[in-house]
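Asks:
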Amino acid sequence: MEQIYTIGHSTHEIDYFISLLKKHKINCVCDVRSVPYSKYNSQFNKDKLLRKLNEHQIYYIPMGDELGARYTNRELFDSNGIVDFAKVRKTEKFQSGLKRLAQGVARGFNLALMCSEKEPADCHRSILVSYSVKKMDYKINHILADGNIKSHDKLEEEISLEYKKQWLQGSLFNKNNSDHSLLEFAYKCKNKEIGYSKDVKSKKELLEA
2 MEQIYTIGHS THEIDYFISL LKKHKINCVC DVRSVPYSKY NSQFNKDKLL
52 RKLNEHQIYY IPMGDELGAR YTNRELFDSN GIVDFAKVRK TEKFQSGLKR
102 LAQGVARGFN LALMCSEKEP ADCHRSILVS YSVKKMDYKI NHILADGNIK
152 SHDKLEEEIS LEYKKQWLQG SLFNKNNSDH SLLEFAYKCK NKEIGYSKDV
202 KSKKELLEA
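Take the sequence shown: its letters are residues 2 to 210, numbered as in this note's numbering.
1) Determine the burial state of Ile128: buried for a count of at least 16 other Cβ atoms within 10 Å of its Cβ, exposed for fewer.
2) Kindly indicate which three-state DSSP category Ala113 falls into: helix, strand or coil?
3) Using DSSP's beta-bridge definition, name the partner residues of Lys140.
4) Nearest to Ile27 by alpha carbon, out of Pro121, Phe18 and Ser161?
5) Might you give, ordered along the chain, the residues of its own chain that have their beta carbon closer than 6 Å to the beta carbon of Tyr61, omitting 5 neighbours on each side?
6) Alpha carbon to alpha carbon, how far is Lys135 from Asn42?
7) If you measure from the CB of Glu120, is any heavy atom of the ligand SAM nearer than 6 Å?
8) When we look at the beta-carbon of Asn142 and count the other beta-carbons within 10 Å, is it buried (16 or more) or exposed?
9) Confirm, please, whether the CB-CB distance from Ile15 to Met115 is below 7 Å.
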């Protein structure tokens with residue numbers, strides 16, 4: 002099974018970040034940030050990152066327009082004003098981004114989807130993008146801050162466990178629920194937790210403020 006990696010740049014020094022990529026033989030970074038700049042970690046601003054990756058013969062592909070998480074189209078927001086990932090996945094741009102990833106893998110590139118968050122479960126690279134990539138029959142490996150790997154299957158197990166109590170409480174009288182339903186519920190809960198809002202900060206942004 003072909004595979005795609007993800008990675009968060011977090012607060013890493015740029016040389017350490019490069020070492021993480023090399024450890025896993027990544028030769029192409031797909032930047033899925035809607036805004037490819039970092040206020041507190043300027044080493045990951047688009048231009049600086051591009052130059053550094055070029056020095057190490059690693060391709061840089063900006064894909065925030067296709068696979069990013071920030072939108073202004075109100076049709077892509079839920080009733081609470083948060084970007085609805087399920088709606089985003091159906092857009093032509095998002096589907097085009099997935100096709101570009103598949104083309105890159107087919108051409109022999111070892112891709113890593115890059116965003117800013119340290120933990121993959123706190124980032125749309127997992128909850129929005131990897132959700133769809135898995136359905137394309139790719140194996141997904143999340144590169145952690147210490148260089149170890151967490152499989153997307155493991156991540157799904159963890160988020161399912163995180164929200165299982167809520168799911169059970171809400172499904173007390175529904176005898177037909179399945180583990181798949183629990184997983185979908187967990188994805189929706191994560192979407193609400195990390196999703197971008199144009200008017201109201203996400204719960205995660207409020208915690209970090």
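Cβ coordinates follow ideal geometry from the N, Cα and C atoms, glycine included.
Replies: Walking through what the data contain:
1) Classification of Ile128: buried, given that the 10 Å Cβ count is 16 or more.
2) When DSSP states are grouped into helix, strand and coil, Ala113 belongs to the strand group.
3) Gln4.
4) Nearest Cα to Ile27 within the set Pro121, Phe18 and Ser161: Phe18.
5) Cβ-Cβ distances below 6 Å link Tyr61 to Val30, Leu51 and Leu54 in the same chain, with the five nearest sequence neighbours on each side left out; the list follows chain order.
6) If I take the Cα positions, the gap works out to 30 Å.
7) Although the ligand SAM was asked about, the structure shown includes no ligands whatsoever.
8) So Asn142 ends up on the buried side.
9) Not closer than 7 Å, so no.
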